[in-house]
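A.B. asks: Numbering (the UniProt record's numbering), first residue to last: 1 to 323.
Note that CB positions come from ideal geometry on N, CA and C, so glycine has one too.
Quick one: the structure is below, and I'll ask about it shortly.
Printed below as a string of structure tokens:
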């Protein structure tokens, strides 16, 4: 019980000097804004975002970073709606053009706080003076320990509630495929997947191989995290990826320069940057040229099929007339 009371006292002591986990609600309140080049900069100093706003408070800095990230996420949503004329729909409603969000798999809610139990009256055979000296010594030792290795204010306890049928990136991609893409009237489907999105796409192929092959024309991956060995893909999937996929990876080589294959799945080319987060942007034009090539190829094959059917039906008609 002495230890419990000491911990409660130390918790209160820790909270005394530490900032609360409360942060601004807007970019303006954070004193940040995006410049004409789309770069996040401090309004007063013009400097990029600084993670370590307060030394030795890593968890507080992390929470501040996450709070700003939520604001930026909403800002990007607004840009997509206002500048790109896109419509934000909440699952399980439909899409026209689909932008998946496989990173949002749960809701985080606060757990109800529990009131501490009242401490019972303690009795001891030790003399009061000796007990006081002992308590003082132990309390000082614990205080010094926490002062040396102190953490930010204890976070509110939360629990994660998984979104139904969307509890992981892989589940989300499969859900969107089953409920939207597979039912869409579009005949030519093109997929672009970055990083872990590539892994989620390969998992989709593992689960819906024939459907994907019948619906998807081409797939562009950027610095994909997939692994055909660990994900146990079939030989037929690997062959299809070799023909219909291309992976733009971070590399010091110029854009579109072919790179050595690491696995027998899809060709690898340079994204023209060594920064993982820029691979999609740097290869943007190349990716749509890649898509255009496949679209033109699909159109030619469809025309050849149509001509073949017309010729056969014409021949059949002539024979019928002869008869």
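At the level of alpha carbons, what is the spacing between residue 203 and residue 231?
C.D. replies: Whole-angstrom Cα-Cα distance: 7 Å.
A.B. asks: Using a Cβ-Cβ distance under 8 Å, would residue 261 count as near chain C?
C.D. replies: Looking at the structure shown, chain C is missing, and only one protein chain is on hand.
A.B. asks: Flag this pair as yes or no: are the beta carbons of residue 23 and residue 53 separated by less than 8 Å?
C.D. replies: Going by C-beta atoms, residue 23 is not nearer than 8 Å to residue 53.
A.B. asks: Nearest CA to the CA of residue 265: which residue from 45, 271, 176 and 224?
C.D. replies: Of the listed residues, the one whose Cα sits closest to residue 265 is 224.
A.B. asks: In chain order, what residues of the same chain lie with their CB nearer than 6 Å to the CB of residue 41, ignoring the 5 residues before and after it?
C.D. replies: Around residue 41: 35.
A.B. asks: Does the Cβ-Cβ distance between residue 272 and residue 262 come in under 8 Å?
C.D. replies: Taking 8 Å as the Cβ cut-off, residue 272 and residue 262 do not qualify as a contacting pair.
A.B. asks: Scan the region 217-269 and note each continuous beta strand (DSSP E) run of 3 residues or more that stays entirely inside, going in chain order.
C.D. replies: Runs of the beta strand (DSSP E) inside the region 217-269: 245-249.
A.B. asks: What residues in its chain sit with their C-beta under 7 Å from that of residue 61, if we drop five residues either side in the sequence?
C.D. replies: Excluding positions up to five away in sequence, the list reads 51, 52, 53 and 54.
A.B. asks: What do you reckon, are the CB atoms on residue 248 and residue 286 nearer than 8 Å?
C.D. replies: Result yes, Cβ atoms of residue 248 and residue 286 sit closer than 8 Å.
A.B. asks: Just to confirm before moving on: does the CB-CB distance between residue 168 and residue 105 stay below 8 Å?
C.D. replies: Yes, Cβ-Cβ distance for residue 168 and residue 105 is below 8 Å.
A.B. asks: Run the CB neighbour count on residue 145, radius 10 Å, all protein chains shown included, and call it buried at 16 or more, exposed below.
C.D. replies: Bear in mind that a pLDDT of 49 at residue 145, under 50, signals an unreliable position, so the model cannot answer this.
A.B. asks: Could you tell me the boundaries of the beta strand (DSSP E) in which residue 203 lies?
C.D. replies: Looking at the DSSP string, residue 203 is not in any beta strand (DSSP E); the run it does join, the alpha helix (DSSP H), is 196-207.
A.B. asks: Between which two residues does the beta strand (DSSP E) carrying residue 42 extend?
C.D. replies: Run containing residue 42: 40-42, per the beta strand (DSSP E) assignment.
A.B. asks: Exposed or buried, which one is residue 37 when buried takes at least 16 other CB atoms within 10 Å?
C.D. replies: Exposed is the call here.
A.B. asks: Which first and last residues belong to the beta strand (DSSP E) in which residue 108 is found?
C.D. replies: Run containing residue 108: 106-110, per the beta strand (DSSP E) assignment.
A.B. asks: What separation, rounded to the nearest whole angstrom, lies between the Cα atoms of residue 70 and residue 25?
C.D. replies: Their backbone Cα atoms lie some 9 Å apart in a straight line.
A.B. asks: Pick out whichever of 222, 221 and 208 has its Cα sitting closest to the Cα of residue 234.
C.D. replies: Minimum Cα distance to residue 234 is reached at 208.
A.B. asks: Residue range of the beta strand (DSSP E) that residue 161 falls in?
C.D. replies: First-last of the beta strand (DSSP E) with residue 161: 158-162.
A.B. asks: Going by DSSP in three states, residue 53 sits in which element: helix, strand or coil?
C.D. replies: Three-state DSSP puts residue 53 in coil, outside helix and strand.
A.B. asks: Should residue 51 be listed as close to the ligand FMN, given that the test is whether its C-beta is under 7 Å from any heavy atom?
C.D. replies: Ligands displayed in this structure: none; no statement on the ligand FMN is therefore possible.
A.B. asks: Report the option in 64, 176 and 43 whose CA atom is closest to the CA atom of residue 20.
C.D. replies: Cα-wise, what sits closest to residue 20 is 64.
A.B. asks: What did DSSP end up calling residue 190 once you bin it into helix, strand or coil?
C.D. replies: Of the three classes helix, strand and coil, the one that applies to residue 190 here is strand, per DSSP.
A.B. asks: How is residue 21 classed by DSSP in three states: helix, strand or coil?
C.D. replies: Coil, per DSSP.
A.B. asks: Count the other CB atoms, across all protein chains shown, that sit within 10 Å of the CB of residue 162; report buried if there are 16 or more and exposed otherwise.
C.D. replies: With fewer than 16 other Cβ atoms within 10 Å, it is exposed.
A.B. asks: Do residue 87 and residue 81 have their C-beta atoms closer together than 8 Å?
C.D. replies: Yes, they are a contact pair.
A.B. asks: Taking only three categories from DSSP, how would you classify residue 77?
C.D. replies: In the structure shown, residue 77 sits in a helix (DSSP, three-state: H, G or I).
A.B. asks: How many Å lie between residue 159 and residue 177 at the Cα?
C.D. replies: Computed Cα separation, rounded: 29 Å.
A.B. asks: Thinking residue 100 and residue 173 are a contact (beta carbons under 8 Å), I'd like their distance in whole angstroms, please.
C.D. replies: That belief holds up - the Cβ atoms of residue 100 and residue 173 are roughly 6 Å apart, short of 8 Å.
A.B. asks: Rounded C-beta distance between residue 250 and residue 259? I'm assuming under 8 Å.
C.D. replies: Residue 250 to residue 259, Cβ: 10 Å. No contact.
A.B. asks: Closest to residue 291 by CA distance: which of 189, 28, 83 and 46 is it?
C.D. replies: Comparing Cα positions, the closest option is 189.
A.B. asks: Please classify residue 166: is it buried, with 16 or more other beta-carbons within 10 angstroms of its beta-carbon, or exposed?
C.D. replies: Buried.
A.B. asks: From the DSSP output, which residues share a beta bridge with residue 33?
C.D. replies: For residue 33, which the question treats as bridged, DSSP gives the partners 41.
A.B. asks: Does DSSP put residue 171 in a helix, a strand or coil?
C.D. replies: Reduced to three states, the DSSP call for residue 171 is helix.
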